[in-house]
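J.: One structure, pasted below without further comment.
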Amino acid sequence: MTALDDDKPTPRGELTLQVVPLPSDTNPNGDVFAGWLVKQMDIAAATMAGRISLGRNATVAMDRMEFLSPLRVGSQVGCYCELVDIGRSSMKISVEVWTLDRTAKNPRKVTEGLFVYVAIDEHGRIREVPEQTR
Ligand SMILES: CC(=O)SCCNC(=O)CCNC(=O)[C@H](O)C(C)(C)COP(=O)(O)OP(=O)(O)OC[C@H]1O[C@@H](n2cnc3c(N)ncnc32)[C@H](O)[C@@H]1OP(=O)(O)O
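Under the UniProt record's numbering, think of the first position of the sequence shown as 1, with each following residue one higher.
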């Protein structure tokens, strides 16, 4: 199932980051870079991972993403995060991105992805996710 097949019309997860793309986030054609959007998704999911692991994390994997509709400069972009699995040191967080264009009434889903973080210590070594936040 792709994001556009999703019959649930509302975002899934917690609104973790809201941001507005600026002209400096676009390519020479004026379209927002996919890499800019992936960066926002990583920031949002890493924020949630940091709250869960109570410390430092490394992004260890990103699942395949499809960009199904364009992002426009000046629109509102929301990253919605949800913890979908937690292991000894790892956290799988799904991220949905929805946008509201300046002249639109309803938001639309742009993409979704699965990000995996591993809790690490100050030396970059794997550590366990604390029991109290599981
Ligand atoms: C290259 C870059 O700069 S990308 C930008 C930022 N990211 C990084 O720098 C991370 C670079 N990677 C690393 O430093 C290492 O891979 C580490 C420290 C994150 C993990 O080291 P590994 O040797 O892979 O650890 P290990 O095999 O023990 O796995 C640790 C956990 O991660 C999970 N894991 C590791 N790789 C993956 C993967 N590709 N997909 C899903 N989970 C994974 C494991 O299942 C394990 O989970 P658990 O502890 O909950 O059971």
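Beta carbons are placed, not taken as given, at the ideal position from N, Cα and C, and that holds for glycine.
Remember, predicted model here, so these are calculated numbers, not experimental data.
(1) Which partner residues of Glu82 appear in the DSSP bridge assignment?
(2) From what residue to what residue does the beta strand (DSSP E) around Thr26 run?
(3) Among Lys105, Ile126, Leu71 and Trp98, whose alpha-carbon lies nearest the alpha-carbon of Asp25?
(4) Just checking my contact of Val97 with Leu37 at CB under 8 Å: how many whole Å lie between their CB atoms?
(5) Please report the distance separating the alpha-carbon of Thr103 from that of Asp121.
(6) Give every residue of the same chain whose Cβ lies closer than 7 Å to the Cβ of Arg127, excluding the five residues on either side of it in the sequence, and list them in chain order.
(7) Just mark Leu17 as buried or exposed, buried being the case when its beta carbon has 16 or more other beta carbons within 10 Å.
(8) What are the residues that DSSP puts in a beta bridge with Gly113?
(9) Measuring only the C-alpha atoms, how far is Phe115 from Val77?
(10) Looking at the structure shown, is Gly124 part of a helix, part of a strand, or coil, going by DSSP?
(11) For Val73, which residues from the same chain have a beta carbon less than 8 Å from its beta carbon, with the 5 sequence-adjacent residues on both sides left out?
(12) Under a Cβ-count criterion, where at least 16 other Cβ atoms within 10 Å of its own Cβ denotes burial, should Ala61 be classed as buried or exposed?
T.: Walking through what the data contain:
(1) What you label residue 82 is simply residue 82 of the sequence shown in a count that begins at 1. Beta-bridge pairing links Glu82 to Ser94.
(2) Here residue 26 refers to the residue found at position 26 of the sequence shown. Per DSSP, Thr26 belongs to no beta strand (DSSP E) and is neither H nor E.
(3) In the sequence shown, the residue the question calls residue 25 occupies position 25. Comparing Cα positions, the closest option is Leu71.
(4) In the sequence shown, residue 97 corresponds to position 97, counting from 1. In the sequence shown, residue 37 corresponds to position 37, counting from 1. With a Cβ gap of about 6 Å, Val97 and Leu37 count as contacting.
(5) Position 103 of the sequence shown, counted from the start, is the residue given in the question as residue 103. Position 121 of the sequence shown, counted from the start, is the residue given in the question as residue 121. If I take the Cα positions, the gap works out to 46 Å.
(6) Counting from one through the sequence shown, the residue named residue 127 turns up at place 127. Around Arg127: Ser89, Ala119, Ile120 and Asp121.
(7) Stepping through the sequence shown from its first residue, residue 17 is reached at position 17. Answer is buried; the Cβ neighbour count reaches 16.
(8) Start at 1 with the first residue of the sequence shown, and residue 113 comes out as number 113. Looking at the DSSP output, Gly113 shares a beta bridge with Val95.
(9) Counting from 1 along the sequence shown, the entry for residue 115 is found at position 115. Counting from 1 along the sequence shown, the entry for residue 77 is found at position 77. Those two C-alpha atoms are separated by around 18 Å.
(10) Taking the sequence shown and counting its residues from 1, one reaches residue 124 at position 124. Correct three-state label for Gly124: coil.
(11) Counting from 1 along the sequence shown, the entry for residue 73 is found at position 73. Taken in chain order, the residues that qualify are Pro21, Leu22, Pro23, Asp25, Thr26, Gly30 and Val32.
(12) For the purposes of this step, residue 61 is taken as the residue at position 61 of the sequence shown. With fewer than 16 Cβ atoms within 10 Å of its Cβ, Ala61 is classed as exposed.
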